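Trainee: Residue numbers (the working numbering): 4 to 193.
1) Between which two residues does the beta strand (DSSP E) containing residue 130 stretch?
2) Could you name the residues that DSSP lists as bridge partners for residue 42?
3) Quick check on DSSP: helix, strand or coil for residue 89?
4) My output table needs one value for residue 174: the three-state DSSP class, helix, strand or coil.
5) In chain order, what residues of the same chain have a beta carbon less than 8 angstroms from the beta carbon of residue 79, not counting five sequence neighbours either side?
6) So what's residue 7 in DSSP terms, helix, strand or just coil?
7) If you measure between the beta carbons of residue 93 and residue 124, is that distance less than 8 angstroms?
8) Would you list, in sequence order, the uninterrupted beta strand (DSSP E) runs of no fewer than 3 residues that lie entirely inside the stretch 53 to 122?
9) Does residue 146 get closer than 8 angstroms to chain B when you measure Cβ to Cβ?
10) Quick one: what does DSSP say residue 14 is sitting in, helix, strand or coil?
11) In the DSSP assignment, find the beta strand (DSSP E) that holds residue 127 and state where it starts and stops.
12) Hey, quick one: how far does the alpha helix (DSSP H) through residue 37 stretch, first residue to last?
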(Lines of atoms letter the chains of each structure in order from A; the text may use other names.)
(Lines give C-alpha, C1' and ligand atoms only; values in the text may rest on other atoms or scores of the structure.)
Protein backbone atom coordinates (compact mmCIF):
# COMPACT_ATOMS: atom_id res chain seq x y z
CA UNK A 4 0.00 0.00 0.00
CA UNK A 5 1.38 3.42 -0.96
CA UNK A 6 0.96 5.96 1.80
CA UNK A 7 1.41 9.71 1.37
CA UNK A 8 3.20 10.50 4.61
CA UNK A 9 1.66 13.06 6.91
CA UNK A 10 4.73 13.21 9.17
CA UNK A 11 5.09 16.72 10.60
CA UNK A 12 1.41 17.46 10.09
CA UNK A 13 -1.21 18.39 12.62
CA UNK A 14 -4.42 16.38 12.67
CA UNK A 15 -7.42 18.40 13.79
CA UNK A 16 -10.28 16.29 15.08
CA UNK A 17 -13.44 17.16 13.17
CA UNK A 18 -16.84 17.32 14.89
CA UNK A 19 -17.67 13.76 13.80
CA UNK A 20 -15.45 12.79 16.75
CA UNK A 21 -17.74 14.38 19.33
CA UNK A 22 -17.76 12.23 22.46
CA UNK A 23 -14.61 10.42 21.33
CA UNK A 24 -11.22 10.49 23.02
CA UNK A 25 -9.96 12.83 20.30
CA UNK A 26 -12.72 15.44 20.56
CA UNK A 27 -11.25 18.96 20.13
CA UNK A 28 -7.72 17.60 19.81
CA UNK A 29 -4.70 18.70 17.81
CA UNK A 30 -2.31 15.81 17.16
CA UNK A 31 1.22 16.07 15.77
CA UNK A 32 2.06 13.10 13.53
CA UNK A 33 5.65 11.96 14.05
CA UNK A 34 5.54 8.65 12.13
CA UNK A 35 3.39 7.61 9.17
CA UNK A 36 4.09 4.86 6.71
CA UNK A 37 2.63 1.59 5.39
CA UNK A 38 2.90 0.10 8.91
CA UNK A 39 0.64 2.74 10.48
CA UNK A 40 0.99 6.10 12.19
CA UNK A 41 1.98 7.58 15.51
CA UNK A 42 1.38 11.00 16.97
CA UNK A 43 0.93 13.04 20.12
CA UNK A 44 -1.97 15.22 21.19
CA UNK A 45 -0.40 18.63 21.74
CA UNK A 46 -3.28 20.62 23.20
CA UNK A 47 -4.31 18.62 26.26
CA UNK A 48 -2.32 19.75 29.34
CA UNK A 49 -2.66 17.98 32.67
CA UNK A 50 -2.53 19.86 35.99
CA UNK A 51 1.07 18.63 36.50
CA UNK A 52 3.86 21.12 35.73
CA UNK A 53 7.19 20.05 34.29
CA UNK A 54 8.77 21.40 37.48
CA UNK A 55 6.62 18.85 39.39
CA UNK A 56 7.86 16.11 37.04
CA UNK A 57 11.48 17.04 37.81
CA UNK A 58 10.75 16.78 41.54
CA UNK A 59 9.12 13.35 41.04
CA UNK A 60 12.19 12.00 39.26
CA UNK A 61 14.46 13.60 41.87
CA UNK A 62 16.08 16.18 39.60
CA UNK A 63 16.83 19.51 41.23
CA UNK A 64 17.08 22.75 39.32
CA UNK A 65 17.43 26.41 40.12
CA UNK A 66 16.39 27.30 36.60
CA UNK A 67 12.91 28.32 35.61
CA UNK A 68 11.43 25.28 33.91
CA UNK A 69 8.43 26.01 31.74
CA UNK A 70 5.57 23.85 30.64
CA UNK A 71 3.01 21.33 31.72
CA UNK A 72 2.82 17.59 31.31
CA UNK A 73 0.51 16.79 28.39
CA UNK A 74 -1.84 13.89 27.83
CA UNK A 75 -0.28 12.64 24.60
CA UNK A 76 -2.84 10.01 23.66
CA UNK A 77 -4.80 6.94 24.65
CA UNK A 78 -2.05 4.36 24.05
CA UNK A 79 0.34 3.50 26.90
CA UNK A 80 -0.84 6.41 29.01
CA UNK A 81 2.12 6.15 31.41
CA UNK A 82 4.71 6.02 28.59
CA UNK A 83 6.80 9.26 28.72
CA UNK A 84 7.99 11.04 25.61
CA UNK A 85 9.28 14.47 24.71
CA UNK A 86 8.84 16.52 21.57
CA UNK A 87 11.66 19.03 21.37
CA UNK A 88 13.93 21.07 19.17
CA UNK A 89 16.67 19.08 17.45
CA UNK A 90 19.77 20.74 18.88
CA UNK A 91 19.56 18.14 21.67
CA UNK A 92 19.38 14.37 21.31
CA UNK A 93 19.96 11.09 23.13
CA UNK A 94 20.31 7.53 21.84
CA UNK A 95 16.51 7.30 22.02
CA UNK A 96 15.81 10.40 19.93
CA UNK A 97 14.56 10.42 16.34
CA UNK A 98 14.19 13.41 14.08
CA UNK A 99 10.76 14.31 12.77
CA UNK A 100 12.23 17.24 10.79
CA UNK A 101 15.57 19.04 10.85
CA UNK A 102 14.17 21.24 13.64
CA UNK A 103 11.87 18.90 15.60
CA UNK A 104 12.75 15.63 17.33
CA UNK A 105 11.07 13.10 19.60
CA UNK A 106 12.74 11.34 22.49
CA UNK A 107 10.97 8.29 23.83
CA UNK A 108 11.52 6.06 26.82
CA UNK A 109 12.37 2.94 24.84
CA UNK A 110 14.46 1.45 27.64
CA UNK A 111 15.69 3.64 30.45
CA UNK A 112 17.29 6.89 29.77
CA UNK A 113 16.15 8.94 26.81
CA UNK A 114 13.45 10.96 28.53
CA UNK A 115 15.29 11.02 31.85
CA UNK A 116 18.48 12.23 30.12
CA UNK A 117 16.45 14.97 28.43
CA UNK A 118 14.82 16.05 31.70
CA UNK A 119 18.22 16.04 33.43
CA UNK A 120 19.69 18.20 30.66
CA UNK A 121 16.76 20.63 30.98
CA UNK A 122 17.27 20.82 34.76
CA UNK A 123 20.97 21.59 34.15
CA UNK A 124 20.25 24.20 31.47
CA UNK A 125 21.80 21.99 28.77
CA UNK A 126 18.64 20.58 27.20
CA UNK A 127 16.61 21.54 24.16
CA UNK A 128 15.51 25.15 23.80
CA UNK A 129 11.86 24.20 23.37
CA UNK A 130 10.09 21.04 24.49
CA UNK A 131 6.86 19.32 25.43
CA UNK A 132 6.64 16.47 27.96
CA UNK A 133 3.90 13.92 27.21
CA UNK A 134 2.46 10.74 28.67
CA UNK A 135 0.88 8.35 26.19
CA UNK A 136 0.57 8.61 22.44
CA UNK A 137 -1.89 8.09 19.60
CA UNK A 138 -1.39 5.13 17.29
CA UNK A 139 -3.03 3.82 14.14
CA UNK A 140 -2.58 0.45 12.47
CA UNK A 141 -1.89 0.01 8.74
CA UNK A 142 -4.52 1.89 6.71
CA UNK A 143 -6.48 2.98 9.81
CA UNK A 144 -5.60 6.67 9.65
CA UNK A 145 -6.24 6.79 5.91
CA UNK A 146 -9.68 5.30 6.51
CA UNK A 147 -10.43 7.85 9.23
CA UNK A 148 -9.33 10.67 6.91
CA UNK A 149 -11.69 9.35 4.20
CA UNK A 150 -14.49 9.27 6.81
CA UNK A 151 -13.88 12.97 7.57
CA UNK A 152 -12.73 12.35 11.13
CA UNK A 153 -9.67 14.57 10.66
CA UNK A 154 -8.34 17.47 8.68
CA UNK A 155 -4.58 17.56 8.21
CA UNK A 156 -2.36 20.60 7.83
CA UNK A 157 1.40 21.14 7.94
CA UNK A 158 2.74 21.48 11.48
CA UNK A 159 3.77 24.90 12.66
CA UNK A 160 6.64 25.22 15.15
CA UNK A 161 5.19 28.40 16.69
CA UNK A 162 1.87 26.70 17.39
CA UNK A 163 3.63 23.58 18.66
CA UNK A 164 5.75 25.39 21.25
CA UNK A 165 4.37 28.91 21.77
CA UNK A 166 0.60 29.01 21.23
CA UNK A 167 -1.41 28.56 24.46
CA UNK A 168 -2.80 25.01 24.62
CA UNK A 169 -6.40 26.15 24.86
CA UNK A 170 -6.25 28.20 21.64
CA UNK A 171 -4.30 25.83 19.37
CA UNK A 172 -7.32 24.21 17.72
CA UNK A 173 -8.99 27.57 17.08
CA UNK A 174 -5.78 29.12 15.75
CA UNK A 175 -5.32 26.25 13.28
CA UNK A 176 -8.96 26.24 12.19
CA UNK A 177 -8.73 30.01 11.62
CA UNK A 178 -5.56 29.56 9.54
CA UNK A 179 -7.30 26.88 7.48
CA UNK A 180 -10.45 28.98 7.26
CA UNK A 181 -12.46 26.03 8.57
CA UNK A 182 -15.46 26.72 10.80
CA UNK A 183 -16.03 23.52 12.74
CA UNK A 184 -19.44 24.77 13.88
CA UNK A 185 -20.65 24.63 10.26
CA UNK A 186 -19.79 20.96 9.81
CA UNK A 187 -22.94 18.89 9.73
CA UNK A 188 -22.81 15.12 9.72
CA UNK A 189 -25.86 13.06 8.98
CA UNK A 190 -26.29 9.38 9.58
CA UNK A 191 -27.98 7.60 6.75
CA UNK A 192 -30.82 5.12 6.58
CA UNK A 193 -29.91 2.55 4.00
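Built from N, CA and C at the ideal position, the CB exists for glycine as well. All values reported here derive from a predicted model rather than from experimental measurement.
Mentor: According to the structure shown:
1) Indexing the chain shown from 1 puts residue 130 at position 127. Here the beta strand (DSSP E) through residue 130 covers 130 to 139.
2) Locating residue 42 in the chain shown gives position 39, counting from the first residue. According to DSSP, which records beta bridges pairwise, residue 42 is partnered with 32, 137.
3) Along the chain shown, read from residue 1 onward, the residue named residue 89 stands at position 86. In the structure shown, residue 89 sits in coil (DSSP, three-state: anything other than H, G, I, E or B).
4) Locating residue 174 in the chain shown gives position 171, counting from the first residue. DSSP places residue 174 in helix when its eight states are reduced to three.
5) Numbered from 1 along the chain shown, position 76 holds the residue referred to as residue 79. Excluding positions up to five away in sequence, the list reads 135, 136.
6) Here residue 7 refers to the residue found at position 4 when the chain shown is read from its first residue. It is coil, neither helix nor strand.
7) Translated into the one-based positions of the chain shown, residue 93 becomes position 90. Translated into the one-based positions of the chain shown, residue 124 becomes position 121. No, Cβ-Cβ distance for residue 93 and residue 124 is not below 8 angstroms.
8) 71 to 74, 78 to 88, 96 to 98, 103 to 107
9) The displayed structure is made up of one protein chain only, and chain B is not part of it.
10) Position 11 of the chain shown holds residue 14. Strand, per DSSP.
11) As a working mapping, residue 127 is identified with position 124 in the chain shown. Taken as a continuous stretch (DSSP letters only), residue 127 belongs to no beta strand (DSSP E), as it is neither H nor E.
12) Start at 1 with the first residue of the chain shown, and residue 37 comes out as number 34. Here residue 37 belongs to no alpha helix (DSSP H), and DSSP marks it neither H nor E.
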